[in-house]
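To start, the structure under review is shown below, and the notes come after it.
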Amino acid sequence: MTTKKKTIHTALFPGSFDPFTIGHADIVRRALRLFDGVIIAIGVNSDKSEKNCEERLEHLRALYADNPRVEVLAYHTLTADLVAQKNASCIIRGIRNESDLAYESQIAQVNFSLFGIETIWLPADPELKELSSTVVRELQRFGKDISKLVP
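Take 1 as the starting number for the sequence shown in this note's numbering and just add one per residue.
Now the structure itself:
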């Protein structure tokens with residue numbers, strides 16, 4: 001008798017902003033409803049100081065220390081390479097307002113067309129109380145089931 005190995009669905013959250021930014025914890029909380037695990041990854045590159053990245057990593061690790069479903073790490077590669085390395089199911093990105101969507105959708109299009117990586121946008125409270133019709137249309141254009149994204 002063979003036993004089937006359970007597939008673990010993990011999402012990569014390339015969190016380049018401070019963990020205390022409005023909505024960060026809410027995005028992670030929503031992602032944990034959809035996925036078995038979340039990897040919060042801080043990109044370390046020339047436009048950020050090493051000290052700043054270390055401080056953010058320290059804050060994030062402390063914030064999620066009690067949650068075994070959250071992994072926090074730094075990366076120096078392309079996001080697509082990290083997705084492959086960690087065998088993540090997709091990338092999650094937070095939307096705090098409608099201007100976030102314009103920026104994030106450009107990144108999502110590149111990741112999908114070049115690497116086949118799906119992006120799921122999660123709205124963050126308290127700034128974005130509900131999805132506007134513009135956001136809904138944009139999400140539906142990528143074939144997303146938005147009922148899973150909002151309570």
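We put the beta carbon where it would ideally sit given N, CA and C, even for glycine.
Nearest neighbour of residue i, chosen from the options [CA to CA]
i: I107; options: E58, A80, P123; result: A80
i: F13; options: H59, L101, G94, A102; result: G94
i: L78; options: N67, L34, F115, R33; result: F115
Beta carbon of residue i nearer than 8 Å to that of residue j
i: D36; j: A124; result: no
i: I92; j: I120; result: yes
i: V44; j: H76; result: yes
i: T10; j: V38; result: yes
i: L101; j: R30; result: no
Rounded straight-line distance, which links the Cα of residue j to that of residue i
i: S99; j: S105; result: 10 Å
i: G15; j: A62; result: 15 Å
i: E50; j: S113; result: 31 Å
i: I40; j: Y103; result: 19 Å
i: P68; j: R33; result: 14 Å
i: H59; j: C90; result: 24 Å
How do the segment 49 to 56 and the segment 85 to 96 stand: do at least 3 beta-carbon pairs fall below 8 Å, yes or no?
no
Give, in chain order, every unbroken run of the alpha helix (DSSP H) that is at least 4 residues long and sits entirely within the segment 12 to 94.
24 to 34, 50 to 63, 79 to 86
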